[in-house]
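Peer 1: Residues in the sequence shown are numbered from 0 upward in steps of one, following numbering that gives the first Met the number 0.
A virtual CB, placed ideally from N, CA and C, is assigned to each residue, including glycine.
Quick caveat: nothing in here was measured; it's all calculated off a predicted structure.
Once you've had a glance at the structure underneath, I'll fire off some questions.
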Amino acid sequence: MQLEGDHRRGQAIYESCAVCHMPEGWGTPNGAYPQIAGQHRSVVIKQLADIRANNRDNPSMYPFAIPEEIGGVQAIADVAVYIENLKMTGATGKGPGVDLDHGKGLYQEYCTECHGKRGEGEAEKAYPLIQGQHYHYLLRQLKWIKNGKRRNANEQMMKTIRDFGQRDLEALADYVSRMVTDEDKSTSMTWKDRKRE
0 MQLEGDHRRG QAIYESCAVC HMPEGWGTPN GAYPQIAGQH RSVVIKQLAD IRANNRDNPS
60 MYPFAIPEEI GGVQAIADVA VYIENLKMTG ATGKGPGVDL DHGKGLYQEY CTECHGKRGE
120 GEAEKAYPLI QGQHYHYLLR QLKWIKNGKR RNANEQMMKT IRDFGQRDLE ALADYVSRMV
180 TDEDKSTSMT WKDRKRE
């Protein structure tokens, strides 16, 4: 994670990523693909490295992460710096909004230490930025972490949510999906604006 990334080279590499994550890095509101715009470069590097090393099971992502597709470690640093500088949209997929107080309570008790009060994460420790993420993606990842399918998850997080029930997971994902993106990381553009271009 010591390599300096090159924004221009990263933009060229990102063309492969845009097929699923969209040109802006917003993913899809149904959560099939996460919003990666604005994500800490340390997190992007870790996830790509883990997928390459088969430490994170992601068959659809693996072909795009291998050196033959995007290049070596310098290419990962390049695309990571490009992704980190993409502006996020706040127009993301939200949950049903029926159990938000429960979700807020869970978040404040169990999640702020690593992910921060606003879901801003911590770049130095590669704790992901989770504000502005799609509800269904969040819910899927929480389930996979709880069930051990997401093998590269933080060990403390696995212990923390091990005893969470379905209601807990849904409420937590719903609450997080409604976190407002930091102003310096976001754009006022929405999906409708994107379609007009």
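Any idea what DSSP makes of T88, helix, strand or coil?
Peer 2: As a position in the sequence shown, residue 88 is number 89, starting the count at 1. DSSP places T88 in strand when its eight states are reduced to three.
Peer 1: So T91 and S187 are supposed to be a Cβ contact under 8 Å. How far apart are they, rounded?
Peer 2: Your numbering for residue 91 matches position 92 in the sequence shown. Your numbering for residue 187 matches position 188 in the sequence shown. In fact, because the Cβ distance is near 14 Å, the residues do not count as touching under 8 Å.
Peer 1: Taking buried to mean at least 16 other C-beta atoms within 10 Å of its own C-beta, is Q107 buried or exposed?
Peer 2: Walking along the sequence shown from the start, residue 107 turns up at place 108. It is exposed - the Cβ of Q107 has fewer than 16 other Cβ atoms within 10 Å.
Peer 1: Of all the options N54, I50, E68 and H135, which has the alpha carbon lying nearest to the alpha carbon of Q34?
Peer 2: On the sequence shown, position 35 is the one that residue 34 refers to. For the residues N54, I50, E68 and H135, the minimum Cα distance to Q34 belongs to H135.
Peer 1: Consult DSSP for Y32 and reduce its assignment to one of helix, strand or coil.
Peer 2: Position 33 of the sequence shown, counted from the first residue, corresponds to residue 32. In the structure shown, Y32 sits in coil (DSSP, three-state: anything other than H, G, I, E or B).
Peer 1: Can you list, in chain order, the residues of its chain with a C-beta nearer than 8 Å to that of K86? Leave out the 5 residues immediately preceding and following it.
Peer 2: Mapped onto the sequence shown, residue 86 falls at position 87. Once the five neighbours on either side are set aside, the close Cβ partners of K86 are E23, A36, G37, K184, S185, T186 and M188.
Peer 1: Using DSSP's beta-bridge definition, name the partner residues of T186.
Peer 2: Sequence index remark: in the sequence shown, residue 186 carries index 187 (1-based). Answer is T88, bridged to T186.
Peer 1: Pull up the distance between the alpha-carbon of G104 and that of W25, whole angstroms please.
Peer 2: One-based indexing of the sequence shown puts residue 104 at position 105. One-based indexing of the sequence shown puts residue 25 at position 26. Straight-line Cα distance between these residues: approximately 27 Å.
Peer 1: Straight-line CA distance for E182 to A122?
Peer 2: Here residue 182 refers to the residue found at position 183 of the sequence shown. Here residue 122 refers to the residue found at position 123 of the sequence shown. Going from the Cα of E182 to the Cα of A122 covers about 17 Å.
Peer 1: Please go through the same chain and pick out, in chain order, the residues whose beta-carbon is closer than 7 Å to the beta-carbon of Q140, but skip the five residues on each side of it.
Peer 2: As a working mapping, residue 140 is identified with position 141 in the sequence shown. Answer for Q140: R149, listed in chain order.
Peer 1: For E121, which of helix, strand or coil comes out of DSSP?
Peer 2: For this step, residue 121 is matched to residue 122 along the sequence shown. Here E121 sits in strand by DSSP.
Peer 1: Who are the near neighbours of V179 in its chain, counting only those whose CB is closer than 6 Å to its CB and skipping five residues on each side?
Peer 2: As a first step, residue 179 must be located in the sequence shown, where it is residue number 180. Cβ within range, chain order: n/a, list empty.
Peer 1: Under 7 Å, do L99 and Y32 count as touching if we go by C-beta distance?
Peer 2: Against the sequence shown, residue 99 aligns to sequence position 100. Against the sequence shown, residue 32 aligns to sequence position 33. Contact: no.
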